[in-house]
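In our numbering, the protein residues as written are 9 to 322. So the structure is just underneath, and the comments pick up after that.
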């Protein structure tokens with residue numbers, strides 16, 4: 009299923025990597041389109057709005073996490089596996105209409121199988137346990153909030169674990185990764201019985217593992233996100249819009265350029281600040297302004313990214 013880094017035919021590995029990046033680019037473009045369509049339906053087509061926005065979020069995190077999978081498991085999936093996984097993701101998008109999030113079961117199972125190569129044995133593998141847990145929960149979701157708390161949130165926790173501990177010069181350890189995963193799973197179960205504030209528990213553990221550094225846009229955005237997701241009792245959009253903030257602080261500036269083969273744009277605070285204002289406006293029910301800011305943010309990121317220098321693969 010994989011081409012192991014350093015142990016595979018170079019030509020096959022290169023072609024598999026090109027296909028992997030292309031598949032994530034398709035998912036990324038799909039995500040942007042779904043977000044714009046979803047925001048456009050806010051306030052007057054609520055059922056469609058919810059479907060489009062969560063589908064966009066799932067597509068975004070598929071793109072971001074699958075792009076990094078070779079580094080996470082020290083191998084690149086074979087070309088047929090990459091395209092099969094993307095096809096199963098599309099099957100989930102379509103099948104949701106009839107089967108809900110259970111339609112993502114084939115996608116989740118294959119994605120988890122890919123992670124099995126890198127769940128244990130090396131410190132850099134340990135955060136993958138968190139992501140795999142989120143993939144396991146995705147087809148078990150019975151609401152949009154459940155789905156957001158599954159693969160997307162697990163992906164963020166996994167990335168925050170890697171980045172926050174690295175910034176704090178702490179080692180990745182099996183006990184810390186397993187405890188964070190256990191707290192995340194327990195919090196997910198708690199949200200199913202109405203205790204949505206429980207998502208503060210894994211955030212607290214992460215904060216205790218590594219003291220946050222609040223000296224840049226990423227640090228502020230990541231710190232805000234880890235507590236905002238515990239505000240679901242005040243309204244689901246406190247959680248949904250919190251993702252706009254962490255995506256603007258982390259995934260957009262650091263991972264999208266790699267998917268597009270572009271130089272990293274010199275973002276300042278504009279992404280996080282715009283997402284934070286959109287978060288505030290949506291949660292005080294100024295939906296039209298929040299929607300306009302969200303659409304503007306998606307377009308701005310696309311334009312800024314595509315204007316940067318292009319680095320074609322060799």
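Just so you know, even glycine gets a beta-carbon here, dropped at the ideal spot from N, CA and C. On a predicted model such as this, the values are computed, not experimentally measured, just so you know.
3 or more residues per run - each beta strand (DSSP E) lying fully within the stretch 94-118: As far as the stretch 94-118 is concerned, it has no whole beta strand (DSSP E) run of at least 3 residues.
Whole-number beta carbon distance between residue 61 and residue 80, since they are thought to touch under 8 Å: Not quite, the Cβ-Cβ distance comes to about 26 Å (not below 8 Å), so this is no contact.
For residue 318, the three-state DSSP class (helix, strand or coil): Three-state result, residue 318: strand.
Buried or exposed (CB count within 10 angstroms, at least 16 for buried), residue 55: Classified as exposed, residue 55 has fewer than 16 neighbouring CB atoms from the shown chains inside 10 Å of its CB.
Contact under 8 Å by Cβ, residue 257 with residue 230: Yes, the pair counts as a contact, with Cβ atoms nearer than the cut-off.
Backbone secondary structure at residue 131 - three-state DSSP: Per DSSP, reduced to three states, the secondary structure at residue 131 is helical.
Stretch-stretch touch, CB-based, cutoff 8 Å, three pairs: the stretch 79-98 with the stretch 110-124: Counting Cβ pairs under 8 Å, three or more are found: they touch.
Residue interval of the alpha helix (DSSP H) (run including residue 139): For residue 139, the uninterrupted alpha helix (DSSP H) segment begins and ends at 136-145.
The stretch 196-215 touching the stretch 248-255, judged by at least three CB pairs closer than 8 Å: Segments in contact, no.
Status (buried if at least 16 other CB within 10 Å, exposed otherwise) for residue 76: Buried is the call here.
Outcome for residue 181 when other beta-carbon atoms lying within 10 angstroms are tallied against a minimum of 16: The residue in question, residue 181, is exposed, as its Cβ has fewer than 16 Cβ neighbours within 10 Å.
Sufficient close CB pairs (3 or more, under 8 Å) joining the stretch 144-155 to the stretch 172-186: Output reads no: the stretch 172-186 does not touch the stretch 144-155.
Own chain partners of residue 136 with C-beta closer than 6 Å, once the 5 adjacent residues on each side are dropped: Around residue 136: 80, 123, 126, 127.
Where residue 150 sits in the DSSP three-state scheme: Coil, per DSSP.
Stretch-stretch touch, CB-based, cutoff 8 Å, three pairs: the stretch 220-229 with the stretch 271-290: The stretch 220-229 vs the stretch 271-290: in contact.
As assigned by DSSP and simplified to three states, the class of residue 220: The three-state reading of DSSP puts residue 220 in coil, since its state is none of H, G, I, E or B.
Proximity of residue 153 and residue 244 at Cβ, strictly below 8 Å: It is a contact, given that the beta carbons lie within the stated cut-off.
Simplified DSSP assignment, three categories, for residue 181: Coil, per DSSP.
Rounded separation between residue 132 and residue 52 - CA only: Their Cα atoms are separated by approximately 45 Å.
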